[in-house]
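Asks: Protein chains in written order, with the working numbering: chain S, 397 to 836; chain U, 56 to 438; chain W, -2 to 168; chain H, 17 to 180.
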Amino acid sequence: MQPIIDYITSYLNSTQTPGAAGNFFWAFVYILLVFLGLSVAVIAMNWLERKILAHMQVRLGPMRVGPHGLLQPIADAIKLLLKEDIMPAEADGFVFWIAPFIVVLAAFTVFVVVPFGPTHAITDMNIGILFMLGVSSLSVLGIVMAGWASNSHYPLIGALRSSAQMVSYEVAMGLAVVSAILMTSLHGLGLYGAGSAGTGDTGTLSMIGIVAAQQEQHVWFVFKFFPLGLIAFFIFAIAMVAETNRAPFDLPEAESELTAGFHTEYSGFRWSLFFLAEYSAMIAVSSIAVTLWLGGWLRPFPNLLHGSTWDLVFNLFPGITFLFLAAICFYSTARMPKHPYFKIQTMGLAGFGALLALIGLVLFVPAVFVRVQDIYWFAIKVAAFMYLYIWYRGTFPRYRFDQLMKVGWKILLPMGLGLLILTAVMGMRSELQHWVASIL
Amino acid sequence: MTEPHSLSPLDLATPDKTFLDANELVINMGPQHPATHGVLRVILRLDGEKVMGLECVIGYLHRGVEKIAENRTYTMFNPYVDRMDYVAAVSNGLGYCETVEKLLGVEAPPRAQYIRVILAELNRMASHQLWLGTHALDIGAITPLFYTFRDREEILKIFEKYCGARLTTHAFRIGGLQYEAYDGFEKDVKNFVAFVAPKIDEYEELLTTNRIWVERTKGVGVISAKDAIALGVTGPVLRASGVKWDLRKAQPYANYKNFDFEIPTGQNGDTYDRYLVRMAEFRQSLRIIQQAVDGLPEGPVMAKVPKVMKPPVGEVYHSIEAPKGELGYFIVSDGSTQPYRVRVRPPSLVNLQALDVMCRGAMVADVIAVIGTLDIVLGEVDR
Amino acid sequence: MNPPVATPFFFYLLAGTMLIGGILVITRRNAVHSALALIAALLAQAGLYLMLYAPFVAGVQIILYAGGIMVLFLFVIMLVNLERVQKERQFNKQWLVGIAAAGALGGLFITIYTKGKGIFLDRAMPSGLEAENTQKISVLLYGQYMFAFEIASLLLLVAIIGAVVMAKKRI
Amino acid sequence: MPWDSPMVAKFKRQYGSGVEPLTHLGQNYVVVDRSLIPEILQILHNEEQFDYCVDLTAVHYPQREKQFDVVWVLYSFPRNERIRVTTRIADGETLPSSVPIWATTNWLEREVFDMFGIKFDGHPDMKRILLPDGWKGHPLRKDYGILQQDNEWVQINLGIESGQ
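(1) Near D159 of chain H, what residues of its chain come up, given a Cβ to Cβ distance below 7 angstroms and the 5 sequence neighbours on each side ignored?
(2) Please list the segments of the alpha helix (DSSP H) lying wholly inside the region 461 to 487 of chain S, counting only runs of 4 or more residues, in order along the chain.
(3) Closer than 8 angstroms is the cut-off here; do at least three beta carbon pairs connect the region 451 to 466 of chain S with the region 502 to 514 of chain S?
(4) So, are the CB atoms of L95 of chain U and L433 of chain U less than 8 angstroms apart?
(5) Under a Cβ-count criterion, where at least 16 other Cβ atoms within 10 Å of its own Cβ denotes burial, should Y601 of chain S be classed as buried or exposed?
(6) Give the DSSP-derived three-state secondary structure of G108 of chain U in the structure shown.
(7) As a quick exercise: from H:I134, H:V170, H:L60, pick the residue whose alpha carbon is nearest that of V89 of chain H.
(8) So, using beta-carbon positions, are V499 of chain S and S535 of chain S closer together than 8 angstroms?
(9) Residues in the region 782 to 811 of chain S with C-beta within 8 angstroms of chain U's C-beta atoms, listed in sequence order?
(10) Would M143 of chain W pass as an interface residue toward chain S - the criterion being a Cβ-Cβ separation below 8 angstroms?
(11) Can you give me the start and stop residues for the alpha helix (DSSP H) that S575 of chain S sits inside?
(12) Can you find at least 3 beta carbon pairs, one from the region 370 to 387 of chain U and one from the region 216 to 230 of chain U, that sit closer than 8 angstroms?
(13) My guess is that I36 of chain W and A63 of chain W are in contact by the Cβ rule of under 8 angstroms, so how many angstroms apart are they, rounded?
(14) Considering just the uninterrupted stretch of the beta strand (DSSP E) at H373 of chain U, what are its terminal residues?
(15) For the structure I just gave you, are there three or more beta carbon pairs, one from the region 733 to 748 of chain S and one from the region 682 to 695 of chain S, closer than 8 angstroms?
(16) Quickly, what does DSSP pair D71 of chain H with across the bridge? List them, please.
(17) Need the endpoints of the beta strand (DSSP E) that S391 of chain U sits in, please.
(18) Exposed or buried, which one is I482 of chain S when buried takes at least 16 other CB atoms within 10 Å?
(19) With 8 angstroms set as the bound, which would you pick, yes or no: does the beta-carbon of R825 of chain S sit closer than that to a beta-carbon of chain U?
(20) Using beta carbons (cut-off 8 angstroms, strictly below), is P155 of chain H in contact with chain U?
(21) Counting only beta-carbon atoms, is P52 of chain W nearer than 8 angstroms to chain S?
(22) Return yes when the Cβ of L477 of chain S is within less than 8 angstroms of the Cβ of F665 of chain S, no when it is not.
(23) When burial is assigned at 16 or more other CB atoms within 10 Å of the CB, is D20 of chain H buried or exposed?
(24) In the structure shown, what three-state DSSP assignment does V46 of chain H receive?
(25) Helix or strand or just coil, what does DSSP make of H659 of chain S?
(26) Apart from the five residues on each side of it in sequence, which residues of its chain come closer than 7 angstroms, Cβ to Cβ, to M23 of chain H?
(27) Do you know how far the Cα of G321 of chain U is from the Cα of I284 of chain U?
(28) For M678 of chain S, name the three-state secondary structure that DSSP assigns.
(29) Can you tell me which of S:I716, S:G715, S:A746 puts its alpha carbon nearest to the alpha carbon of S728 of chain S?
(30) Along the beta strand (DSSP E) that carries P37 of chain H, what are the first and last residues, could you check?
(31) Any Cβ of chain U within less than 8 angstroms of the Cβ of D71 of chain H?
(32) Excluding the 5 residues flanking L137 of chain W on each side, which residues of the same chain have their C-beta closer than 7 angstroms to its C-beta?
(33) Counting C-beta neighbours from all protein chains within 10 Å, is the total for H451 of chain S 16 or more, i.e. buried, or is it exposed?
(34) Look up N313 of chain U in the DSSP assignment and say whether it is helix, strand or coil.
(35) Which residues, in order along the region 256 to 268 of chain U, keep a beta-carbon less than 8 angstroms from a beta-carbon of chain S?
(36) How big is the Cα-Cα spacing for Y142 of chain W and L152 of chain W?
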């Protein structure tokens, strides 16, 4: 028994991720946590999207299941699980069956390397960002398979559109990512992330290494080589919306043209897998954007506003956020109609508020807030992207397919290429100056 | 913008049968499709995403309105016309009542005329609002739909207060109106005008300068003025092609000649111009409503009409500018209490004919945009 | 660096997946199924690269082959009329030649393996190489072999232009 | 009531008794002999600027020898004038298609065929438009029994006599 406990406790003081440290117990725990957190995030996102979109569109959104529709996603999930699972008679059985799993697998696997904090990741891979791009590019396979296996026109066109779209935008996305990776390589700075000691010349692909580089260089890459970092960030921000098939690039599932695109023939549980995959892919690409350009887990202004006072102030943020949410809950509870019919709902809302307040209070415990600090900032940044996704959906009409391709190939790709060259030139400018001086 | 090419009438009428290779995909869109605005079925022949030709299959909502008319008295048939273009029921009723009045030789009293104009223009706005919401939804912008429905609700409330019905209003009677306007009608209409004017700016804010909206609609579904006339297209679709023609001005009916308003036109005949024309029509309708409600005269609302209507033998064609275009009624009377023949000239049917020409060489997504911009109501197409 | 776990098990798992995938590629009548089997084989191969401490190669394998090229393959296959293809005879008359060639190649491998086993030393992977592998590749590619790398990219550019010219009738 | 205008006078001179211009309730229409229809429509479009065919329809008079009135409603944008052209034809007689003159008559002619059974020669696609292709009869004829289709359907599909 003792060796097992030792094995478990031995990791606690480690400065590495469980994967890199080779601690399988903690790696397993992290996987579970990430999976659970992701599921909760998708459920919350579902509710938030409907509510925020509804309020943008002068309506209320879900109001019936639970107070302010808080239980709606759960009701939906139960409905989807209980629904009949229909497979078209002419469908290719095996491919039809496996396609949603591939999409979900690809969408979830990328979270293996997402760094929620310096040690809060399942593992730190030396090719982290490459791994993320590679695995997320596999999800297009699932979509193509789903569209083809349905043996129906609309899904087929949806699949063709989405594969063309995702392959095209991966190029622009990749170029933007490369320019961020170039920024990690700066002369005279060693130690970029775990295991990359002494390789400062070559930069790093490791997700943790990239954030560490931003910390070392005292700048988020979005502001580095201004405005180059900003442009790269914008290219990525556009490409990632296209990559996840969301409005205004939601052509593969443009309901006015192709009913539901590649998943037209899917229903029930299998459809919910596509839904799950879509939202976790959104979170995944947002995580990449946050890691590469917005400093990952770093809190705002760590260099400007440092010292113990500021540290304490920023450390209190997570607790304050939860208390604020709890306050909203209590305010809504007070505003609930005073009618016996709403008694349970009012109690439920109050209970939910109390739960949030409790979490908030727990977050004021120093031992806790030091540990969740990184995760909090990371989550807040990702949440901002999630809000943007909803906002886009409420505002923009849909692009036409040729226009979408035009944006991808004729605007984003040349911009990305030029940006890459400029970033390289900026990174090498002292060498170039020497070189020019030696010639003159 | 180059001048769109014009085809000969026969070319316009026959589908383009030329296509690149045998790898074309035939897609059946509808009759149950979210973007065909009802039960329109379109058979698309695609080369990739490009439309090589299309054929409309209609008639799924055919109820034989014209046959029903032959078995009803003039008064009994009046509510049926509401069911044709059910989003502009008031306009349908206006056209029918005026045609029968012409046949009978009676004229509605001035107050009735004014109230008719107010209601018809309100209905035009309601119809355009429905069009805008669904059109934007087809192109992928979901938010305008809710904005327009919020404001359309105010119009429907006025209808409901006036005659008890919201959609199929049966607001007019042959010879005038059955009811005097309710107390506070004028105030409601005035409030509505003040309420909705800034809302129209709100719609425009969301769409008019939205890059994606402009890209999706500019140069899409172009129809030249010449083709539009050859195809008999009317209403905003014709005006967007640059033909300044509106029956309210060209052959004024009701008392439109008393009102000061303009006919908005476009130049390019594309989807964007049609959008702009209809947005401008919102404002013109508001102008008319404002003038009508300000100058609303007192007096009776019903002319002297015989209890049993037996119009003298003869035939008459009368048309009005419905929200969708020229809505005409051709009624033949044989001197009995029932019309011998009622023919409805539905603007939606004739406008829909232009779909093929407007979509040739376009993308699938453009077909959706063009169906939306034609603003068809299948109840009227099929009757 | 942590020691690898259950190396033989994963090796045989991945190698088996590759073999089965390879066989399925040539025996499936449905071209889409073949392509999917090929993807499985390619992914297993990426796994093998990982086991060889070559994460960069593995990542590139996934992005380029499984995520890029195979998607284009599928893209083309889906547009082809599968029913007609399925009716055609799958094996042509040259299967004897094929088996002979495959047998000869296999024999060659076995011979070299048995004869040459002594030539190559069993080398343990130096620790820390996994973490530096990617950086090492980049230093080599952009340092020592810069010229060859640029030549290769030029070649690809020519290929792209050629493909565009051939595909497009009128530029 | 007769209708006078320079255009009508020209027609009268040219065709004599084949055209009969009339006015009813202030609306002008001209009754044209079947044989003159192609020529008159062509002239109206080409020379008299009636560039917009508003509507095409028919009326059935079963007692008459020439059972059908076919009516073109025409409008001229330059002249802002609306006229109707009427002709009388017997059952089974065909009319020349006016699609080469006004493209809009394509569907209108199909509808007239669908509802009255009047065929138009030279129409690019003469088939039913509103009713299904297998429909029997032409419903807007006065002698069309509105229950006939229903009875038949009930008999075939339900195997009973219709209760209507």
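Quick reminder that beta carbons are idealized off the backbone N, C-alpha and C, glycines included. Being a predicted model, the structure only gives us computed values, none of them experimental.
Replies: The relevant details are as follows:
(1) P78
(2) 468 to 478
(3) Cβ pair count under 8 angstroms is below three, so no.
(4) yes
(5) A small correction: the amino acid at residue 601 of chain S is Leu; Tyr does not occupy that position in the sequence shown. Buried.
(6) Strand, per DSSP.
(7) H:L60
(8) yes
(9) R789, G790, T791, F792, P793, R794, Y795, R796, F797, D798, Q799
(10) no
(11) In the DSSP assignment, S575 of chain S falls within the unbroken alpha helix (DSSP H) covering 549 to 580.
(12) no
(13) 5 angstroms
(14) Bounds of the beta strand (DSSP E) holding H373 of chain U are 369 to 377.
(15) no
(16) H:V89
(17) Premise fails: S391 of chain U is in no beta strand (DSSP E) and is neither H nor E.
(18) exposed
(19) So, not an interface residue.
(20) yes
(21) yes
(22) yes
(23) exposed
(24) V46 of chain H: strand per DSSP, three-state reduction.
(25) helix
(26) E64
(27) Cα to Cα, the separation comes out at about 15 angstroms.
(28) It is helical.
(29) Just measuring C-alpha positions, the residue of S:I716, S:G715, S:A746 sitting nearest S728 of chain S is S:A746.
(30) Taken as a continuous stretch (DSSP letters only), the beta strand (DSSP E) holding P37 of chain H covers 35 to 40.
(31) yes
(32) So the list is empty, once near-sequence residues are dropped.
(33) By the neighbour-count rule (16 or more Cβ atoms within 10 Å), H451 of chain S is not buried but exposed.
(34) In the three-state DSSP reduction, N313 of chain U falls in the helix class (H, G or I).
(35) Across the region 256 to 268 of chain U, CB contacts with chain S closer than 8 angstroms involve L261, L262, N265, I267, W268, in sequence order along the chain.
(36) 15 angstroms
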